[in-house]
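Worksheet for the structure shown next.
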Amino acid sequence: MKNSFKRLITCSALAASASAACAPAATKAAAGVSPTPTPTTTTGVAMNVAPLDSPNTGIATMVARLELERYRATVKGLTRFGDRRQGTDRNRAAVDWIEAQLNSYGCTPTARITYDYKEPPPRGPRPPMDSAARARFERNAVGGGRNRGKRTPTGVNEDSTRQPNAALRALDTPQSVDGERQEVYCTKVGTTHPEEMYIVGGHMDGIGWGEAANDDGSGTALVMELARVFSSPDVHTDRSIRFILWNNEETGLDGAKAYVAQRQALQGIESPKGSGKYPEPKWLGMVQHDMMMFDHGMPNADGTMNKEQRPEADVNIEFQSKSKFADGAEKLAWAFADANEKYATDYPAQVGRHMTNTDSSPFMDVVPAISLRENERGAQIGSGWNPQWHQPTDLFATYTDKDFRLGLNAAQTTLSAIATLTGAQLTTPAH
Ligand SMILES: [Zn+2]
209 MKNSFKRLIT CSALAASASA ACAPAATKAA AGVSPTPTPT TTTGVAMNVA PLDSPNTGIA
269 TMVARLELER YRATVKGLTR FGDRRQGTDR NRAAVDWIEA QLNSYGCTPT ARITYDYKEP
329 PPRGPRPPMD SAARARFERN AVGGGRNRGK RTPTGVNEDS TRQPNAALRA LDTPQSVDGE
389 RQEVYCTKVG TTHPEEMYIV GGHMDGIGWG EAANDDGSGT ALVMELARVF SSPDVHTDRS
449 IRFILWNNEE TGLDGAKAYV AQRQALQGIE SPKGSGKYPE PKWLGMVQHD MMMFDHGMPN
509 ADGTMNKEQR PEADVNIEFQ SKSKFADGAE KLAWAFADAN EKYATDYPAQ VGRHMTNTDS
569 SPFMDVVPAI SLRENERGAQ IGSGWNPQWH QPTDLFATYT DKDFRLGLNA AQTTLSAIAT
629 LTGAQLTTPA H
């Protein structure tokens with residue numbers, strides 16, 4: 209009952225103007241694909257709600273098209289461009305490579321957002337904190353929530369000599385130059401509601417004199433893999449999905465901010481009129497993926513980290529309780545948690561309310577927005593739970609199969625959630 213109710217409010221609230229987003233369970237059942245749904249009525253809305261333990265076979269097939277080796281190979285492909293620092297040739301080459309990959313998946317046409325970025329003048333030293341301010345700073349995590357347990361220092365490595373690999377050090381050496389920036393996206397167009405979409409993002413730029421493998425090659429590869437699966441000719445969705453790889457995340461979410469500034473007002477406008485084409489479908493939700501692979505737990509008492517992914521590792525789905533769309537974002541988060549329970553092969557998901565410091569933040573007062581991560585950004589990553597964060601050790605070779613598998617489980621989670629929300633179906637080949 210709890211689950212049925214949760215699914216009911218998820219659907220009705222997320223798609224008040226778009227009830228078909230909630231229909232897949234019913235339509236698939238009518239087609240004989242999933243078990244008979246249980247009719248449920250609350251708040252005056254009658255709906256067929258599938259029990260939580262009955263995956264849709266079409267969506268399960270799509271999820272099975274995600275493979276560990278492919279995910280790993282895509283992360284590897286990104287790390288060939290070093291840290292992909294914004295405003296450099298290696299960053300531009302990575303954007304070109306990502307675009308070529310999206311095209312090869314059939315996620316066409318690709319497009320780019322263009323904006324200008326200028327490094328702000330360096331901030332002077334922060335004024336010293338008095339003891340009360342220091343205590344608040346130690347206690348409170350960024351984004352809300354509290355810091356607890358063992359904490360280790362975090363920061364951005366700016367020292368090239370800490371990268372022992374000479375070839376990688378040379379690749380990462382050219383620094384950012386102010387000027388034009390680009391970020392690439394492609395769109396799966398919905399068949400019955402092309403004018404509405406979910407936005408699925410990760411950021412392709414990095415810092416720290418490594419390969420930005422986890423931050424955020426892992427989220428970028430996840431988005432690319434979803435673009436591949438959804439672009440398969442036998443996959444159809446009622447609603448549209450945009451796959452976007454943000455640039456300039458590490459400078460302060462500037463790529464995502466540019467997108468919101470340029471495109472918010474274009475939502476839902478048909479252009480040219482009468483064409484049935486919507487260059488910017490209405491935003492139904494935004495989902496960000498940033499640092500997907502490393503959940504080795506809290507630092508040990510001596511400051512060291514567990515070598516292995518902890519067996520109870522999870523995917524952290526966060527919304528921001530202080531955002532204008534907190535209610536919708538929370539429901540979206542639970543829809544993702546439900547999808548994880550139904551379709552993810554290994555690791556569970558956890559919902560939290562302190563989403564912060566990521567590309568979904570510029571969206572959170574405009575549309576329901578969530579982020580998926582290896583750990584909570586504020587109280588956990590911010591307390592040193594990922595020792596590779598912005599460091600020369602954020603290398604492809606640092607991560608094990610179990611780490612990549614956590615990223616794959618996040619991909620399974622988002623793929624199945626978005627497939628459910630957009631009414632994805634597989635067409636069976638003609639015999
Ligand atoms: Zn990041």
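Numbering (this note's numbering), first residue to last: 209 to 639.
Quick reminder that beta carbons are idealized off the backbone N, C-alpha and C, glycines included.
For Asp498, the shortest C-beta to heavy atom distance toward ligand 1 is below 7 Å. Between Ala268 and Val575, the alpha-carbon positions lie close to 28 Å from each other.
Each residue's CA atom was taken as its position, placing Leu616 and Ala341 some 40 Å apart. For a cut-off of 8 Å, the C-beta gap from Glu433 to Tyr279 is around 6 Å, short enough to register as a contact. Contact between the segment 411-422 and the segment 356-365 is established, with three or more Cβ pairs separated by less than 8 Å. If you check the CB distance, Glu388 and Arg320 do not come in under 8 Å. In the structure shown, the three-state DSSP call for Asp304 is helix. Taking the Cβ atoms as the reference, Phe502 lies roughly 5 Å from Asn594, within the contact range of under 8 Å. Fully enclosed beta strand (DSSP E) runs of no fewer than 3 residues are not present anywhere in the segment 266-321. Taking 3 residues as the minimum length, the beta strand (DSSP E) runs contained wholly in the segment 473-559 are 490-497 and 523-526, in order along the chain. Within the model, the alpha-carbon separation for Phe571 versus Pro489 is close to 15 Å. By the beta-carbon neighbour count (other beta carbons within 10 angstroms, threshold 16), Val385 is exposed. For Lys396, the enclosing beta strand (DSSP E) stretches over residues Gly387 to Lys396.
The closest heavy atom of ligand 1 lies 7 Å or more from the beta carbon of Glu391. According to the DSSP assignment, Glu404 belongs to the beta strand (DSSP E) that extends over His401 to His411. Counting along the chain, Ile449 sits inside the beta strand (DSSP E) bounded by residues Arg447 to Trp454.
CA-to-CA, the gap between Thr296 and Ser312 works out to about 25 Å. According to the DSSP assignment, Ala420 belongs to no beta strand (DSSP E), since it is labelled neither H nor E. A contact between stretches requires three or more CB pairs, one per stretch, nearer than 8 Å, and the segment 575-587 meets this requirement with the segment 343-357.
If you draw a straight line from the Cα of Asn514 to the Cα of His504, it is about 6 Å long.
Secondary structure of Ser439 (DSSP, three-state): coil.
Around the beta-carbon of Lys539, 16 or more other beta-carbon atoms lie within 10 Å, marking it buried. Each of Ala605, Arg344, Asp324 and Asn548 was checked against the Cα of Leu580, and the nearest Cα belongs to Asn548.
In this structure the segment 490-501 touches the segment 424-431; the number of beta carbon pairs closer than 8 Å is three or more. Residues of the same chain with a CB within less than 7 Å of the CB of Gly592, apart from the 5 flanking positions on each side, are Arg359, Thr360, Pro361, Thr362 and Pro507 in chain order.
Taking each of Ala552, Pro441 and Pro333 in turn and checking the Cα distance to Thr316, the smallest one comes out for Pro441. Collapsing the DSSP output to three states places Arg354 in a strand. Rounded to whole angstroms, the gap between the alpha carbons of Leu274 and Glu516 is 23 Å. The Cβ-Cβ distance between Val283 and Ala421 falls below 8 Å. Comparing C-alpha distances from Pro402 to each of Asp462, Lys485 and Tyr325 shows the shortest one belongs to Lys485. For Asp611, the Cβ stays outside the 7 Å cut-off from all heavy atoms of ligand 1. By the beta-carbon neighbour count (other beta carbons within 10 angstroms, threshold 16), Phe345 is exposed. Nearest neighbour of Trp305 by Cα position, chosen from Ile407, Gln294, Phe289 and Asp535, turns out to be Phe289. Taking C-beta separations shorter than 6 Å and ignoring five residues to either side along the sequence, the partners of Arg377 in its chain run Ser368 and Gln371, following chain order. When the beta-carbon positions are compared, Val431 and Leu453 come within less than 8 Å of each other. Residues of the same chain with a CB within less than 8 Å of the CB of Val397, apart from the 5 flanking positions on each side, are Ser448 in chain order.
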